[in-house]
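Q:
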Amino acid sequence: MFAGIFFAAFIPEIIESTSNVFFVVPYIFANIFLIVVAITYRFPLIGSRRKMRHDVTIAQPHTGALPVRDVQKDLAEKNEMFQMMVDISSSGFWTFDAATGKVYWSQKAVALLKADPAKVDDSFDFLKSHILESDWMHFRDALNTSMEQGENFSLNVTLLQKSSKEHRIQISGNVQKSDEGRPLRIIGAINECAEQATSEKQDYYVYRDPLTGVYNRKFFLEKLKIDVDVTLERPDYVFAVALLDIDSFGAINTSYSINVGDSLLRIVADRIKSQCRPSDTIARIGPDVFAIVLHDIQSGDYDADVLPLVRKIHNAVKMPVQIEGRDIYISVSMAVALNRDVDCVEDVMANATSSLREMKKSVNHGGIQFFSGGIREKAMRLYKLEFEIRRAIQAQEFVLMYQPIIDISNGNRIAGFEALVRWRQSEQGYISPAEFIPIAEETGLIIPMGALILRMACKQAKQWVDLGYENIQVAVNFSAKQFAMDSMLDDIKKVLLETNLNPRNLKLEITEYTAVCEAEKTIEIMKALSSMGLQISIDDFGTGYSSLSYLKRFPIHTLKMDKSFVDHVAEDEEDAAFARMVIGIAKSLNLDLIAEGVEQEDQLNFLRNEGCRLIQGFYFSKPLPPDLALGYLKEHYEPALEMTQE
Ligand code: C2E
Ligand code: MG
Ligand code: MG
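Under our numbering, the first residue of the sequence shown carries the number 6, and numbering increases by one thereafter.
1. How is glutamate 643 classed by DSSP in three states: helix, strand or coil?
2. Using the Cβ count rule (16 or more neighbours within 10 Å means buried), how would you classify arginine 187?
3. Is any heavy atom of ligand 3 found at a distance shorter than 7 Å from the C-beta of aspartate 597?
4. If I follow the unbroken alpha helix (DSSP H) through alanine 483, where does it start and stop?
5. Quick one: is leucine 609 buried, meaning 16 or more other Cβ sit within 10 Å of its Cβ, or exposed?
6. What number of angstroms, rounded off, separates the C-alpha of phenylalanine 27 from the C-alpha of leucine 229?
7. So, under 8 Å CB-CB, phenylalanine 254 and aspartate 293 are touching, yes? Tell me the CB distance rounded to an integer number of Å.
8. Does the contact criterion of 3 or more C-beta pairs under 8 Å hold for the stretch 423-432 versus the stretch 576-596?
9. In chain order, what residues of the same chain have a beta carbon less than 6 Å from the beta carbon of glutamate 643, not counting five sequence neighbours either side?
10. For isoleucine 257, name the three-state secondary structure that DSSP assigns.
11. Run through the stretch 217-296 for me and flag every whole alpha helix (DSSP H) of 4 or more residues, listed as ranges in chain order.
12. For ligand 1, I want to know if alanine 256 counts as a neighbour, meaning its beta carbon is within less than 7 Å of at least one of the ligand's heavy atoms.
13. When DSSP labels each residue in this structure, what does valine 404 get in the three-state scheme?
14. Would you kindly work out how many angstroms separate the C-alpha atoms of leucine 39 and glutamine 88, rounded to a whole number?
15. Mark methionine 339 as exposed unless 16 or more other C-beta atoms lie within 10 angstroms of its C-beta, in which case mark it buried.
16. Out of Met531, Ala524 and Tyr518, which one is the CA nearest neighbour of leucine 494?
17. Counting C-beta neighbours from all protein chains within 10 Å, is the total for aspartate 607 16 or more, i.e. buried, or is it exposed?
18. With DSSP run on the structure shown, which of helix, strand or coil describes leucine 635?
19. Evaluate contact between the stretch 504-519 and the stretch 476-493, counting only Cβ atoms and requiring at least three cross-stretch pairs below 8 Å.
20. Going by CA-CA distance only, name the one from Phe144, Lys499, Leu164 and Glu171 that's closest to phenylalanine 4.
21. For glycine 3 and serine 359, I'd like the C-alpha separation in whole angstroms.
22. Given this structure, state the Cα-to-Cα distance separating alanine 357 from phenylalanine 375, to the nearest angstrom.
23. Of the residues Val350, Leu137, Gly155 and Ser535, which one's Cα is nearest the Cα of asparagine 179?
24. Would you call serine 492 buried or exposed, if buried means 16 or more other Cβ atoms sit within 10 Å of its Cβ?
25. Grab the span of the alpha helix (DSSP H) containing glutamate 601 for me, first residue to last.
26. Could you tell me which uninterrupted alpha helix (DSSP H) segments, each at least 4 residues in length, are contained entirely in the stretch 572-626, listed from first to last along the chain?
27. Do glutamate 514 and asparagine 482 have their beta-carbon atoms positioned less than 8 Å apart in this structure?
28. Per DSSP, which residues does phenylalanine 422 bridge with? Please list them.
29. Can you determine whether any heavy atom of ligand 2 sits closer than 7 Å to the C-beta of glutamate 423, and answer yes or no?
30. If we ignore side chains and look at the alpha-carbon of each, how far apart do phenylalanine 98 and glutamate 82 end up?
31. Are there 16 or more other CB atoms within 10 angstroms of the CB of glutamate 640, so buried, or fewer, so exposed?
32. Given a cut-off of 8 Å on the beta-carbon distance, is the pair arginine 289 and asparagine 221 in contact?
33. What number of angstroms, rounded off, separates the C-alpha of valine 500 from the C-alpha of alanine 456?
34. Leaving out five residues on either side along the sequence, give the residues of the same chain with a beta carbon under 7 Å from the beta carbon of serine 414.
35. Determine, using beta carbons only, whether phenylalanine 295 and valine 315 come nearer to each other than 8 Å.
36. Nearest by alpha-carbon distance to serine 139: which of Ser284, Gln112, Val246 and Val337 is it?
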């Protein structure tokens, strides 16, 4: 009878809560069942003629006072029945006793939590260790509210699992109150999420990266939003976002094959999975970028709590990989940001991506970069600059200056100009290319900007040629990205055709670093340029570690000795020795040599004595706007001169 009343007491509340279907059904059955049992005991004639108790098989008419029953046995039986009902129900049950603080978990509840029955304990820590931390916090809040305000609750939580499949369960709780309305205990149910079975398959494709099986960007951002929302409510909740980028993945794809690239991505995903804890969320959010949300960070101290986790992942992923019988060596860059001072997903992601950018750019790329405030500020500045560059390309704010290159062996006649870009901003005057070229390169904006520069320089050269300076040669700087473009040769041909400039009046400058980066490809492109009649200079020579064997194979015409080696030639014996060596290399390879950044007379004298005849530097002239460059040309041009060898 007690149990029947006990269950009946909950019916209105349970039915009220429509989301509790899994809870309601067994409860209603249990209730009816127990009421019937109770009635059968209390009023055997109304019930079946057969008694339910196994020791009494024949119905006896009730003639007088009820037989005295064994109360203990009765209670034990009821408990057993309750336990059986709990066991056969498809729901798991739990109870929380407010007086003792103890929690009871039914066997089915343990099974639904995918927990080890041997490790069940009588507290909520058991639940905490089996669900996502953010979900645990939601649960804890719901439980507290429920105890304070007597409200029932129901929420879906995600189980922590080793497998990459997400599994969600529904946990509900109903409060039992004393006559005075004081919460006595919470009786709760655990069920499979109703939508789980049907949507699991669908979810797999909607939320998974089909190649690696980890989550996709969409899921990752949704999950991150939940975590950020928890942060806003609870500042003590700490998590970290780690980004992992495979360095030079494009080169692996092109040097091997796309299949090898795909296998590599799968291996990397598996390695990340093997190092992460069940509570972490792993996703592939870009072609070669993985993101991980690291939960359960205790103090938010990078060195103590975050670095060991990240380092473990980094070390595992960067191990050489064997694919199709080949050993592939990989390098990975990682960046990590905590959820400190963030209001939205965009903030966390911006912190992590700006740190990754910083790491990829640094000479130590292939390491781990932790986010700091300075990085974000810098990233914001870069972002603004990128936006400004886009606008400036449209507004044609980029102009060219022309710095003369002087032949000191021939009466300081002009041997050509180098075109140097400037950004003309009305308020600030001119901005140096050192500030915006690296960003333009990084963002790819160098491509449209470079096309603009090439067209301007060719147009200018053609004007000077038409004015009678037929041999004038204008050198244009080409960045690595421009040089790597498949369409580069066609683009140059198009501009030459458009401006009607003879290729011999144009020279391309590529840095030594660009040239040696993909040397074989560079050689092919240089050959094609050469056959068009164009000349090529290797800029900043001495800074890019090119080997002599490559230099010999590059079909180039000129080396430009970097300013840093010219600076101290007059007073530093080591620099002087280096400059002599570079001059010697140019001579032995039969190349022209231009010394850059010559400012002082003693530098000039040294270079002259060592046989370097082509000089560029403030000693002769700073870069000049077109009208002043023309003036310079008028004074220093020698019509019959062949300026550089062809
Ligand atoms: P760079 O190609 O090595 O150009 C030479 C740099 O040295 C120029 O700086 C020039 O103004 C500077 N310079 C020349 N003589 C002297 C001197 O005597 N003293 C000092 N202190 N500096 C001297 P600028 O114009 O600031 O250009 C810097 C770099 O930006 C260039 O180095 C080049 O790598 C890049 N750059 C400039 N214009 C372009 C362009 O149109 N396209 C691309 N891709 N890069 C460019
Ligand atoms: Mg240059
Ligand atoms: Mg240079």
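Even for Gly, the Cβ is constructed at its ideal location relative to N, Cα and C. It should be emphasised that the depicted structure is a prediction, and the values quoted were computed from it without experimental measurement.
A: With the given structure in hand:
1. coil
2. exposed
3. no
4. What sits at residue 483 in the sequence shown is phenylalanine, not alanine. Counting along the chain, phenylalanine 483 falls outside any alpha helix (DSSP H), though it belongs to the beta strand (DSSP E) covering 479-483.
5. buried
6. Legend: pLDDT at phenylalanine 27 = 44, less than 50; position of this residue unreliable, value from coordinates given subsequently. Spanning the two alpha carbons is a distance of roughly 30 Å.
7. 4 Å
8. no
9. Arg418
10. helix
11. 222-238, 254-260 and 263-280
12. no
13. strand
14. Unreliable placement is indicated for leucine 39, whose pLDDT of 46 sits below 50; the coordinate value is still reported in the next sentence. Taking the straight line joining both Cα atoms gives about 13 Å.
15. buried
16. Met531
17. exposed
18. helix
19. yes
20. Nothing can be reported for residue 4, as the shown portion of the chain is limited to 6 through 651.
21. The structure shown does not extend to residue 3, since the chain is modelled only from 6 through 651, so no value can be given for it.
22. 8 Å
23. Gly155
24. exposed
25. Careful: glutamate 601 lies outside any alpha helix (DSSP H) and carries neither H nor E.
26. 578-593 and 606-615
27. yes
28. Pro409 and Val479
29. yes
30. 19 Å
31. exposed
32. yes
33. 9 Å
34. Arg618
35. no
36. Ser284
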